[in-house]
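Take a look at the structure below.
In UniProt numbering, the protein residues as written are 1 to 250.
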């Protein structure tokens, strides 16, 4: 699947050391499938949350533990640097101390670019006062998080990429199922000979050129569908109808 994704032109893979099965981590699967890595492939890692080997969630990493988290991602991926590392906010009042550690690792050459995840506009501003931020990764899509609309636009105005997750499924629906699909989404999908999931992805992409998608799948057909969604051209009428769905589903 990973090799096929790259063959199809996917050049942005989102991962983390805490994404894993009992056999190996997502990072190790990526390493096995894709190393030596193509020059154009960007691998984005995430730090902050932690799990033990049984999959149980642990307390989020302290600032003092973040270097070890970054080094574990490097080890598993078989790299001497990480292209992009997100600090995943885990409920702390301030991210300054945590983000400061990542900024130091960027200065040391272990990280090239920094991002924030599960973040608020205030978190972004706090991080930007410490080091440049190139990406924000937050839950966003037609099905939920209308309160993120202004944040998406603000990121675009600043030249910051916005990378939504749960774009297909909506909040808390990691499986990506579209059961109970909104009739308007289904109708627009039929008009384009597309799936409702593709329409949801295409709508997110129409939010601006700074929006980058990371839909996950273990199904080869869904992979093809996800890649093809980038080529869908929604009409102004489609977008008006979908925007109404978005407002209704907030």
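Note that the Cβ used here is the ideal one computed from N, Cα and C, for glycine as well.
Which of the three DSSP states, helix, strand or coil, is assigned to residue i?
i: residue 96; result: helix
i: residue 158; result: coil
i: residue 68; result: helix
i: residue 138; result: strand
i: residue 133; result: coil
i: residue 190; result: helix
i: residue 119; result: coil
i: residue 199; result: helix
i: residue 182; result: coil
i: residue 52; result: coil
i: residue 246; result: helix
i: residue 79; result: coil
i: residue 225; result: helix
i: residue 175; result: Confidence at residue 175 is low in this model, with a pLDDT of 46, below 50, so its placement is unreliable and no value can be given for it.
i: residue 152; result: helix
i: residue 206; result: coil
Can you name, in chain order, every residue of its own chain whose Cβ lies under 6 Å from the Cβ of residue i, other than the five neighbours on each side?
i: residue 69; result: 47 and 61
i: residue 182; result: 245
i: residue 202; result: 229, 232 and 234
i: residue 176; result: Its pLDDT being 47, under 50, residue 176 is placed unreliably by the model, and the measurement read from it follows with that caveat. Excluding residues within five positions, the ones whose Cβ falls inside 6 Å are 168 and 169.
i: residue 217; result: 223
i: residue 226; result: 215
Buried or exposed: which applies to residue i, given that a residue is buried once 16 or more other Cβ atoms fall within 10 Å of its Cβ?
i: residue 157; result: exposed
i: residue 31; result: buried
i: residue 253; result: The first residue shown for the chain is 1 and the last is 250, placing residue 253 beyond what the model contains.
i: residue 125; result: exposed
i: residue 248; result: exposed
i: residue 194; result: buried
i: residue 55; result: exposed
i: residue 219; result: exposed
i: residue 221; result: exposed
i: residue 8; result: exposed
i: residue 23; result: exposed
i: residue 209; result: exposed
i: residue 147; result: exposed
i: residue 129; result: exposed
i: residue 25; result: buried
To which residues of the same chain is residue i closer than 8 Å at the C-beta, ignoring the five residues directly before and after it?
i: residue 6; result: 34, 38 and 41
i: residue 123; result: 89, 95 and 116
i: residue 81; result: 74, 109, 110, 111 and 112
i: residue 136; result: 115, 116, 117, 119, 124, 151, 155, 160, 161, 162 and 163
What is the C-beta distance between residue i and residue j, in whole angstroms, given that I count them as a contact (C-beta under 8 Å)?
i: residue 101; j: residue 66; result: 5 Å
i: residue 168; j: residue 127; result: 28 Å between Cβ atoms; not a contact.
i: residue 76; j: residue 27; result: 3 Å
i: residue 198; j: residue 189; result: 7 Å
i: residue 97; j: residue 63; result: 5 Å
Which same chain residues end up closer than 7 Å to residue i when comparing Cβ atoms and leaving out the 5 residues on each side of it in sequence?
i: residue 196; result: 178, 181, 185, 186 and 189
i: residue 172; result: Residue confidence is low: residue 172 scores 48 on pLDDT, short of 50, so the model does not pin down where it sits. No coordinate-derived value is stated.
So, do the region 150 to 164 and the region 114 to 134 have three or more beta carbon pairs nearer to each other than 8 Å? yes
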